[in-house]
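Student:
Protein chains: 2
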Amino acid sequence: MTTLAFSTQVQDLMPEVEARMRGQTDGYHPSLKKALDQLLDSGGKRVRPTVVLLVSSMLGVDKEDSLNLAAAVELLHTATLVHDDLIDGSTLRRGSPTLNSTWNAPATILAGDFLFSQAASLGARVDSTEVMRMFAGTLSTIVNGEIAQIFERNSVTHREDYNQRIYAKTATMFEMAARAPAYLVGVEDQYSEALRVYGYSVGMAFQIVDDVLDFSSDTKTLGKPVASDLRIGLLTLPAICYLESHPDDARLKQFQSGYQLDPPIMEDLVQDIRKSGAVEQARAEADQLVQGAVNSLDQFPLSPEREALADLANYVVERLH
Amino acid sequence: MTTLAFSTQVQDLMPEVEARMRGQTDGYHPSLKKALDQLLDSGGKRVRPTVVLLVSSMLGVDKEDSLNLAAAVELLHTATLVHDDLIDGSTLRRGSPTLNSTWNAPATILAGDFLFSQAASLGARVDSTEVMRMFAGTLSTIVNGEIAQIFERNSVTHREDYNQRIYAKTATMFEMAARAPAYLVGVEDQYSEALRVYGYSVGMAFQIVDDVLDFSSDTKTLGKPVASDLRIGLLTLPAICYLESHPDDARLKQFQSGYQLDPPIMEDLVQDIRKSGAVEQARAEADQLVQGAVNSLDQFPLSPEREALADLANYVVERLH
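Chains A and B, in that order, are what the protein sequence lines are. In terms of the working numbering, the numbers along the first sequence are unbroken and rise by one, the last being 586. In terms of the working numbering, the numbers along the second sequence are unbroken and rise by one, the last being 586.
1. Considering only the alpha carbon of each residue, which of B:317, B:274, B:390 and B:406 lies closest to residue 292 (chain A)?
2. Considering only DSSP beta bridges, list what residue 358 (chain A) is partnered with.
3. Mind pulling the chain A residues with CB within less than 8 Å of residue 555 (chain B)?
4. Kindly indicate which three-state DSSP category residue 583 (chain A) falls into: helix, strand or coil?
5. Could you check whether residue 314 (chain B) and residue 339 (chain B) sit closer than 8 Å to each other, using their CB atoms as the reference points?
6. So what does DSSP say about residue 490 (chain A), is it helix, strand or coil?
7. In terms of residue numbering, what span does the alpha helix (DSSP H) encompassing residue 423 (chain B) cover?
8. Quick test of your reading: residue 245 (chain A) and residue 443 (chain A), contact by CB under 8 Å. State the CB separation rounded to the nearest angstrom.
9. Using the three-state DSSP reduction, which class does residue 272 (chain B) fall into: helix, strand or coil?
10. Taking 8 Å as the threshold (beta carbon to beta carbon), is residue 365 (chain B) in contact with chain A?
11. Buried or exposed, going by whether 16 or more other CB atoms sit within 10 Å of the CB of residue 423 (chain A)?
12. Going along the chain, which unbroken runs of the alpha helix (DSSP H) with 4 or more residues stay wholly within the region 419-484 of chain A?
13. List the residues of chain A whose Cβ lies closer than 7 Å to the Cβ of residue 411 (chain B), in chain order.
14. Here's the rule: buried if 16 or more other CB atoms are within 10 angstroms of the residue's CB, otherwise exposed. What is residue 512 (chain A)?
15. Measure the C-alpha to C-alpha separation of residue 402 (chain B) and residue 390 (chain B) and round it to an integer number of angstroms.
16. Measure the Cβ-Cβ separation of residue 582 (chain A) and residue 492 (chain A) and say whether it is below 8 Å.
17. What span of residues does the alpha helix (DSSP H) with residue 293 (chain A) cover, start to end?
18. How would you write the range of the alpha helix (DSSP H) that residue 415 (chain A) sits in, first residue to last?
19. The alpha helix (DSSP H) that contains residue 520 (chain B), what's its start and end?
20. For residue 567 (chain B), which three-state DSSP category applies?
21. Less than 8 Å between CB atoms is the rule here; does residue 352 (chain B) satisfy it with respect to chain D?
22. My output table needs one value for residue 327 (chain A): the three-state DSSP class, helix, strand or coil.
23. To the nearest whole angstrom, what separates the beta carbons of residue 347 (chain B) and residue 304 (chain B), a pair I think is in contact under 8 Å?
24. Quick one: what does DSSP say residue 497 (chain A) is sitting in, helix, strand or coil?
25. Among B:547, B:466 and B:546, which one has its Cα closest to the Cα of residue 220 (chain B)?
26. Alpha carbons only, please: which of B:374, B:328 and B:473 is nearest the one belonging to residue 350 (chain B)?
27. Classify residue 560 (chain A) as helix, strand or coil using the three-state DSSP reduction.
28. Using the three-state DSSP reduction, which class does residue 278 (chain B) fall into: helix, strand or coil?
29. List, in chain order, every chain B residue whose beta-carbon is nearer than 8 Å to that of residue 383 (chain A).
30. Just confirm the distance between the C-beta atoms of residue 408 (chain A) and residue 324 (chain A), as a whole number of angstroms; I'd bet it's less than 8 Å.
31. Output yes or no for whether 8 Å exceeds the beta carbon distance between residue 274 (chain B) and residue 319 (chain B).
32. Counting only Cβ-Cβ distances shorter than 7 Å, please list the residues of the region 325-348 of chain B near chain A, keeping chain order.
33. Got a sec? Which residues, its chain only, sit under 8 Å from residue 507 (chain A) by beta carbon, not counting five neighbours each side?
34. Using the beta-carbon count (16 or more within 10 Å), is residue 270 (chain A) buried or exposed?
35. If we ignore side chains and look at the alpha-carbon of each, how far apart do residue 528 (chain A) and residue 426 (chain A) end up?
36. Residues of chain A with CB under 7 Å from residue 470 (chain B), in chain order?
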């Protein structure tokens, strides 16, 4: 991946964000430093801290605060991935070995816990209990979504359930990244609401695009079978769009009742969904969300940061083209 | 267990603390409510929130704040137990089934994470970033101690290592319980330091007493074999006192090198430690810590709360008599 246009505005600050994340293991057991280095070395586009830094700069947030907040948000995101990968038994993330593929389960659980507390430590450096409440609330929302998914696998078949699930999985963190800086300068409600809408819309689009790629891409690009979520019993937007236009499809009914489909039947279903226009419909919904995100920025005077935030929103759907 | 004298002062407040903890699952997946109820129903003496409430009352902390802080501290403690029991594979705690004996590992990991974030939510209701920093730091210390224990099993054989371990395991949480209320009224440093010493000393004594009971009690009372820590490769204070007075005991040397002792040799070692006076020496150290805790309260004018805090400190060692 080449340098992303929306990052240039804040690329000078990112090494400092990185350093603050890595500094959170100073004074603790050396194994924790190794774990965090391994996690951060595996890369990632740092989209969330970029949102924090751009919004902070647009609002005139103190630089120290914006760096700590950006580092806290990315570290919290990283912490959630540690437990996610352990729970899913994933051995690779972004092509690098996951922590649970290197460490045993007890050590991995504790490493995740440590990163939660150190993310909170970073967040608490910013002197705002509103930010801390948002931080804690975001983590609760994410975890609650995962719990619901464990207890209700196969039963999430409606758009509303899907929206709740991807809000918890992805959008809540973007919402925090975009909105938290507003607490530090005390902007009027209409502005913090516009930022919330921006973060929400970008986050929802981000997850929908992932779910569309899962259907529209190929096994080689994905590094896993097409429609992998559907295969493990999870309906995502393309499948839900298909279900809405084919409410009597017996295969999806069987699926909703908690039964696994035989592999050839599953293949047919995947192909039918791909051919039905449902994937394009889901893609259009992501486009619409991104348009909403860009529109919400109209509240703010034109600035290089506002432009970069719009670029970032557009980049989310450009991954599809 | 009958009503404990030190609790009477705050027993009217405890149901409200309990209600605030349980309220933290409102609006989330119903399984989380079941999990938290199961955890809280299994009892516990609520010593930590009692410390918070007594100190808060002594310092004149706002009642709302003290209730939220007490609930946050106990919920954080509860959250740490969820992952501890999963990691240790414990099926019972205080005679009740642990969460990991009822739920699978993924759900148990997530339930612990949820309680961490909801404990932080409660803590953030108190408008103090100092309290939030202490909260995050306490959790980091606890988890760091457990990580060290995983990576360095068998190598902790010195008093200093032991002190670090039990500080992380138990004393840091008591330190927070005693000291955090001071942030909410802005007392002078000497007073917050006295409270820190109180919490530290009570917490250290609490853990030493547990470790002494592990040697001095019997299998029936403990519900597990005597010296269970030693048997899994962990030296606690009685064993360390014995080692200090018998530096050339070949059995402990073998142990330090990471080798398991044969069962009959282990039995002999346990009996030798019990007969050596090392258990009494460890007990005397707990007494001394409690005396220090009580003395640190001298900074404060005599009050029913101060008396109750002294009673609570004394209760910690009374469990031995």
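For every residue, glycine included, the Cβ atom is placed at its ideal position computed from N, Cα and C. Bear in mind that the values here come from a model prediction, so they are computed numbers and not experimental data.
Tutor: Reading off the structure:
1. As a position in the first sequence, residue 292 (chain A) is number 27, starting the count at 1. It is B:406.
2. Here residue 358 (chain A) corresponds to residue number 93 of the first sequence, with the count starting at 1. The partner list for residue 358 (chain A) (beta bridge, DSSP) reads A:361.
3. Sequence index remark: in the second sequence, residue 555 (chain B) carries index 290 (1-based). In chain order: nothing, as chain A lies at least about 29 Å away.
4. For the purposes of this step, residue 583 (chain A) is taken as the residue at position 318 of the first sequence. Looking at residue 583 (chain A) - three-state DSSP - the assignment turns out to be helix.
5. The count along the second sequence starts at 1 and reaches residue 339 (chain B) at position 74. The count along the second sequence starts at 1 and reaches residue 314 (chain B) at position 49. The answer is yes: Cβ separation under 8 Å.
6. Within the first sequence, numbered from 1, the residue matching residue 490 (chain A) stands at position 225. In this structure, residue 490 (chain A) counts as coil in the three-state DSSP scheme.
7. In the second sequence, residue 423 (chain B) corresponds to position 158, counting from 1. From DSSP, residue 423 (chain B) is part of no alpha helix (DSSP H); its letter is neither H nor E.
8. The structure shown does not extend to residue 245 (chain A), since chain A is modelled only from 266 through 586, so no value can be given for it.
9. Here residue 272 (chain B) is taken as the residue at index 7 of the second sequence, counted from 1. Residue state, collapsed to three classes: helix.
10. Numbered from 1 along the second sequence, position 100 holds the residue referred to as residue 365 (chain B). Not an interface residue.
11. Residue numbering aside, residue 423 (chain A) sits at position 158 when the first sequence is read from its first letter. Exposed, because fewer than 16 other Cβ atoms sit within 10 Å of the Cβ of residue 423 (chain A).
12. 424-431, 437-448 and 454-481
13. Within the second sequence, the letter at position 146 stands for residue 411 (chain B). The answer, in chain order, is 375.
14. For this step, residue 512 (chain A) is matched to residue 247 along the first sequence. By the 10 Å Cβ count, residue 512 (chain A) comes out exposed.
15. For the purposes of this step, residue 402 (chain B) is identified with residue 137 of the second sequence, where counting begins at 1. For the purposes of this step, residue 390 (chain B) is identified with residue 125 of the second sequence, where counting begins at 1. Each residue's alpha carbon lies about 18 Å from the other.
16. Along the first sequence, one-based indexing puts residue 582 (chain A) at 317. Along the first sequence, one-based indexing puts residue 492 (chain A) at 227. No, these two residues do not count as a Cβ contact at 8 Å.
17. Start at 1 with the first residue of the first sequence, and residue 293 (chain A) comes out as number 28. Run containing residue 293 (chain A): none; DSSP gives neither H nor E here.
18. Numbered from 1 along the first sequence, position 150 holds the residue referred to as residue 415 (chain A). From DSSP, the alpha helix (DSSP H) with residue 415 (chain A) extends over 394-416.
19. Locating residue 520 (chain B) in the second sequence gives position 255, counting from the first residue. That run of the alpha helix (DSSP H) goes 515-521.
20. The residue you call residue 567 (chain B) lines up with position 302 of the second sequence. Coil at residue 567 (chain B), not helix or strand.
21. No chain D is present in this structure, whose protein chains are A and B.
22. On the first sequence, residue 327 (chain A) is found 62 positions in, with the first residue counted as 1. Three-state result, residue 327 (chain A): coil.
23. By 1-based counting over the second sequence, the position of residue 347 (chain B) is 82. By 1-based counting over the second sequence, the position of residue 304 (chain B) is 39. 7 Å between Cβ atoms; contact.
24. Numbered from 1 along the first sequence, position 232 holds the residue referred to as residue 497 (chain A). The answer is coil: DSSP assigns residue 497 (chain A) none of H, G, I, E or B.
25. With chain B covering 266 to 586 only, the question about residue 220 (chain B) has no answer from this structure.
26. Your numbering for residue 350 (chain B) matches position 85 in the second sequence. With distances taken between Cα atoms, residue 350 (chain B) lies closest to B:374.
27. Numbered from 1 along the first sequence, position 295 holds the residue referred to as residue 560 (chain A). Residue state, collapsed to three classes: helix.
28. Here residue 278 (chain B) is taken as the residue at index 13 of the second sequence, counted from 1. Coil, per DSSP.
29. Looking up residue 383 (chain A) in the first sequence gives position 118. 401 and 405, listed in chain order.
30. As a position in the first sequence, residue 408 (chain A) is number 143, starting the count at 1. As a position in the first sequence, residue 324 (chain A) is number 59, starting the count at 1. That belief does not hold up - the Cβ atoms of residue 408 (chain A) and residue 324 (chain A) are roughly 29 Å apart, past 8 Å.
31. Counting from 1 along the second sequence, the entry for residue 274 (chain B) is found at position 9. Counting from 1 along the second sequence, the entry for residue 319 (chain B) is found at position 54. Yes, they are a contact pair.
32. 348
33. Start at 1 with the first residue of the first sequence, and residue 507 (chain A) comes out as number 242. Cβ neighbours of residue 507 (chain A) beyond the five flanking positions: 514, 517, 537, 538, 541 and 543.
34. Looking up residue 270 (chain A) in the first sequence gives position 5. Exposed.
35. The residue given as residue 528 (chain A) occupies position 263 in the first sequence. The residue given as residue 426 (chain A) occupies position 161 in the first sequence. Their backbone Cα atoms lie some 26 Å apart in a straight line.
36. Counting from one through the second sequence, the residue named residue 470 (chain B) turns up at place 205. Ordered by position in chain A, no residue passes the 7 Å Cβ test against residue 470 (chain B), which lies about 25 Å from the chain.
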